[in-house]
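K.L.:
Line by line, the protein sequences are chains A and B.
If you want the working numbering, it's the 1-based position in the first sequence plus 6.
If you want the working numbering, it's the 1-based position in the second sequence plus 6.
In this text, a Cβ means the ideal position worked out from N, Cα and C, and glycines have one as well.
Structure provided below as structure tokens; questions to follow.
2 protein chains.
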Amino acid sequence: MTTDTKNLNTESEILNAAKRIFQLKGMDGARMQEIADEANINKSLLHYYYRSKQLLFEAVFKSAFSLLAPQLNSVLNDDSPLFDKIRNFTNNYISFVVKHPYLPNFIIQELNKNPEFVKNLLAERHFPNIEKFSSQVDEQIAEGVIKPIKPTQLLINIIALNLFPFMAAPLLKGLLKVDDTTYRQLMEDRKTEVADFIINAIKL
Amino acid sequence: MTTDTKNLNTESEILNAAKRIFQLKGMDGARMQEIADEANINKSLLHYYYRSKQLLFEAVFKSAFSLLAPQLNSVLNDDSPLFDKIRNFTNNYISFVVKHPYLPNFIIQELNKNPEFVKNLLAERHFPNIEKFSSQVDEQIAEGVIKPIKPTQLLINIIALNLFPFMAAPLLKGLLKVDDTTYRQLMEDRKTEVADFIINAIKL
DNA sequence: GTCTATAGCCAGATAGAC
DNA sequence: GTCTATCTGGCTATAGAC
Chain A
7 MTTDTKNLNT ESEILNAAKR IFQLKGMDGA RMQEIADEAN INKSLLHYYY RSKQLLFEAV
67 FKSAFSLLAP QLNSVLNDDS PLFDKIRNFT NNYISFVVKH PYLPNFIIQE LNKNPEFVKN
127 LLAERHFPNI EKFSSQVDEQ IAEGVIKPIK PTQLLINIIA LNLFPFMAAP LLKGLLKVDD
187 TTYRQLMEDR KTEVADFIIN AIKL
Chain B
7 MTTDTKNLNT ESEILNAAKR IFQLKGMDGA RMQEIADEAN INKSLLHYYY RSKQLLFEAV
67 FKSAFSLLAP QLNSVLNDDS PLFDKIRNFT NNYISFVVKH PYLPNFIIQE LNKNPEFVKN
127 LLAERHFPNI EKFSSQVDEQ IAEGVIKPIK PTQLLINIIA LNLFPFMAAP LLKGLLKVDD
187 TTYRQLMEDR KTEVADFIIN AIKL
């Protein structure tokens, strides 16, 4: 194994371990030792590769956001008709979150603690842009296909209906008194039901 | 001022300060010194009244949940017709969260870190019960007033549409590129628009 | 690049005077 | 009940050997 390979392996092992721990416990709750254990490496290597906990955290956060952003973009910048877009997004997004259950919560939580992070994200090349979505909604209203609704409100609703059930899973499981298997099935059903709900709400 | 009065004042000052700090920074991010400063008292008094950070946190968490629970109950256990219930809940709930903007996030976040807390909450006297809501939805479906929908899914949707925009405020502000004033106005508009959205989605 | 050992700091908690 | 002073442990970070 070459030195370069070791480099890449160790560095990405650290990043992957850090993702798991940070997303589970947050910046404040995570421990460098815990990340080292998760990556099966020595704690001082974390500092060798990423200098500080803060910088390691920022690497994780950026990586997490750049995984979520394309998901949002798929609703926003896509040429398909509005209803198809809503169906595809709901279906794809829920599949995505089932694979990364802690990711949306992590991003939203850390953005709440550091709202100034948003400024950095806005500058990123692939930050989602809502203009296309907005004009598409406005066109469909003008054409009499859907009821009048502010595109921003519709977008908030779409994101809320898809994200929230995963972020609030423990609370909702308790409230609905269902076990993990039943809850997973509810989420599976939402892949189509959420899109139906939204389309029924707006179609004329 | 009697000793008793001082007791009550100090103890409740601590609890109020702890609410503000814990809800803002979470269990891990909060510092006992910070809470003491916020309450304008000596740090060791925190331990005198609440023994440990953990116990103080639990007092705050219980108090926060017992503020949120009645809000949820108002959708669930109320005799008004379903559509009125949805309108009232949306209107009241958004007003409530405007006053306590960090509360839902705090509860959901800490429940995610400690899912076993839910067990304790379930045992509480005033834990929300969904049975009345469920049978009401099923009746309305049977009477042909609304489209078929699982009551659990409808409840998830109602809560999601009302809670999420506050939990994800920093992300949504960035995504929609709006300032605080505009965002507050969007939330104000949602007091009626969310109810319309939900009712349109389900009514036949 | 990877390890051990440790510096240096900070937070929660307690002892004890008043 | 409230204060000051201090203990104790744990955590980030670094120094330095290999």
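Quick one: give me the first and last residue of the alpha helix (DSSP H) that Gly-150 of chain A is part of.
P.N.:
Locating residue 150 of chain A in the first sequence gives position 144, counting from the first residue. Looking at the DSSP string, Gly-150 of chain A is not in any alpha helix (DSSP H), and its letter there is neither H nor E.
K.L.:
In whole angstroms, what is the alpha-carbon distance linking Glu-194 of chain A and Val-200 of chain A?
P.N.:
Working through the first sequence from its first residue, we reach residue 194 of chain A at position 188. Working through the first sequence from its first residue, we reach residue 200 of chain A at position 194. If I take the Cα positions, the gap works out to 10 Å.
K.L.:
Closest to Pro-107 of chain B by CA distance: which of B:Asn-48, B:Phe-172, B:Ile-162 is it?
P.N.:
For the purposes of this step, residue 107 of chain B is identified with residue 101 of the second sequence, where counting begins at 1. The option with the nearest alpha carbon to Pro-107 of chain B is B:Phe-172.
K.L.:
Specify, as a first and last residue, the run of the alpha helix (DSSP H) that Tyr-56 of chain B falls within.
P.N.:
Counting from one through the second sequence, the residue named residue 56 of chain B turns up at place 50. Run containing Tyr-56 of chain B: 49 to 56, per the alpha helix (DSSP H) assignment.
K.L.:
What's the C-alpha gap between Leu-51 of chain B and Met-38 of chain B?
P.N.:
Residue 51 of chain B sits at position 45 when you count from the first residue of the second sequence. Residue 38 of chain B sits at position 32 when you count from the first residue of the second sequence. The straight-line gap from Cα to Cα measures roughly 10 Å.
K.L.:
Can a CB atom of chain B be found closer than 8 Å to the CB of Lys-105 of chain A?
P.N.:
As a working mapping, residue 105 of chain A is identified with position 99 in the first sequence. Taking Cβ atoms only, chain B never reaches closer than 8 Å to Lys-105 of chain A, which makes this a no.
K.L.:
Output yes if chain A places a C-beta closer than 8 Å to the C-beta of Arg-37 of chain B; else output no.
P.N.:
Along the second sequence, one-based indexing puts residue 37 of chain B at 31. Not an interface residue.
K.L.:
At a CB distance below 8 Å, what residues from the stretch 147 to 179 of chain A approach chain B? Give them in sequence order.
P.N.:
Answer set for the stretch 147 to 179 of chain A: Lys-153, Ile-155, Lys-156, Thr-158, Gln-159, Leu-161, Ile-162, Asn-163, Ile-165, Ala-166, Leu-167, Leu-169, Phe-170, Pro-171, Met-173, Ala-174, Ala-175, Pro-176, Leu-177, Leu-178, Lys-179.
K.L.:
Spell out the partners DSSP gives Lys-209 of chain A in its beta bridges.
P.N.:
Counted from its first residue, the first sequence places residue 209 of chain A at position 203. Lys-209 of chain A is bridged to A:Ile-152.
K.L.:
Under the criterion of a Cβ to heavy atom distance below 7 Å, does Lys-105 of chain A qualify as lining the ligand COA?
P.N.:
No copy of the ligand COA occurs in the structure displayed, which carries no ligand at all.
K.L.:
Using 10 angstroms around the beta-carbon of Leu-256 of chain B, count the other beta-carbons present and answer buried if the total reaches 16, otherwise exposed.
P.N.:
No information on residue 256 of chain B is available, as it lies outside the stretch 7 to 210 that chain B covers here.
K.L.:
Give me the Cα-Cα distance between Asn-206 of chain A and Asp-84 of chain B, rounded to the nearest whole angstrom.
P.N.:
Counting from 1 along the first sequence, the entry for residue 206 of chain A is found at position 200. Counting from 1 along the second sequence, the entry for residue 84 of chain B is found at position 78. Their backbone Cα atoms lie some 26 Å apart in a straight line.
K.L.:
Put Phe-133 of chain B into one of helix, strand or coil per three-state DSSP.
P.N.:
Mapped onto the second sequence, residue 133 of chain B falls at position 127. In this structure, Phe-133 of chain B counts as coil in the three-state DSSP scheme.
K.L.:
Can Leu-82 of chain A and Pro-154 of chain A be called in contact, C-beta distance under 8 Å?
P.N.:
For this step, residue 82 of chain A is matched to residue 76 along the first sequence. For this step, residue 154 of chain A is matched to residue 148 along the first sequence. No, Cβ-Cβ distance for Leu-82 of chain A and Pro-154 of chain A is not below 8 Å.
K.L.:
For Arg-196 of chain A, is the classification buried or exposed, using 16 other Cβ atoms within 10 angstroms of its Cβ as the cut-off for buried?
P.N.:
As a working note, residue 196 of chain A is residue 190 in the first sequence. Arg-196 of chain A comes out buried.
K.L.:
Compute the Euclidean distance between the alpha carbons of Glu-145 of chain A and Leu-161 of chain A, then round it to the nearest angstrom.
P.N.:
Sequence index remark: in the first sequence, residue 145 of chain A carries index 139 (1-based). Sequence index remark: in the first sequence, residue 161 of chain A carries index 155 (1-based). The alpha-carbon atoms of Glu-145 of chain A and Leu-161 of chain A are separated by roughly 15 Å.
K.L.:
Considering only residues of the same chain and omitting the five flanking positions on each side of Pro-4 of chain B, which have a CB-CB separation below 8 Å?
P.N.:
An answer regarding residue 4 of chain B cannot be provided, because it is not within the stretch 7 to 210 covered by chain B.
K.L.:
Within its chain, find whatever has a CB closer than 7 Å to the CB of Gln-115 of chain A; leave out the 5 residues flanking it on each side and keep chain order.
P.N.:
The residue you call residue 115 of chain A lines up with position 109 of the first sequence. Cβ neighbours of Gln-115 of chain A beyond the five flanking positions: Gly-32.
K.L.:
Give me the chain B residues within the contact set of Val-124 of chain A, using Cβ-Cβ distance strictly less than 8 Å, ordered along the chain.
P.N.:
Position 118 of the first sequence, counting from 1, holds the residue named residue 124 of chain A. The contacting residues are Pro-176, Leu-177, Lys-179, Gly-180.
K.L.:
Measure the beta-carbon distance from Ile-211 of chain B to Ile-47 of chain B and round it to whole angstroms, keeping in mind my assumption that it falls under 8 Å.
P.N.:
Residue 211 of chain B falls outside the range modelled here, since chain B spans only 7 to 210, and no answer is possible.
K.L.:
Can you tell me the Cα-Cα spacing of Leu-88 of chain B and Ser-18 of chain A, whole angstroms?
P.N.:
Taking the first residue of the second sequence as 1, we reach residue 88 of chain B at position 82. Taking the first residue of the first sequence as 1, we reach residue 18 of chain A at position 12. Near 53 Å, if we compare the C-alpha coordinates of Ser-18 of chain A and Leu-88 of chain B.
K.L.:
Starting from Asn-163 of chain A, follow the alpha helix (DSSP H) in both directions and report where the run begins and ends.
P.N.:
Counting from one through the first sequence, the residue named residue 163 of chain A turns up at place 157. Counting along the chain, the alpha helix (DSSP H) containing Asn-163 of chain A begins and ends at 157 to 173.
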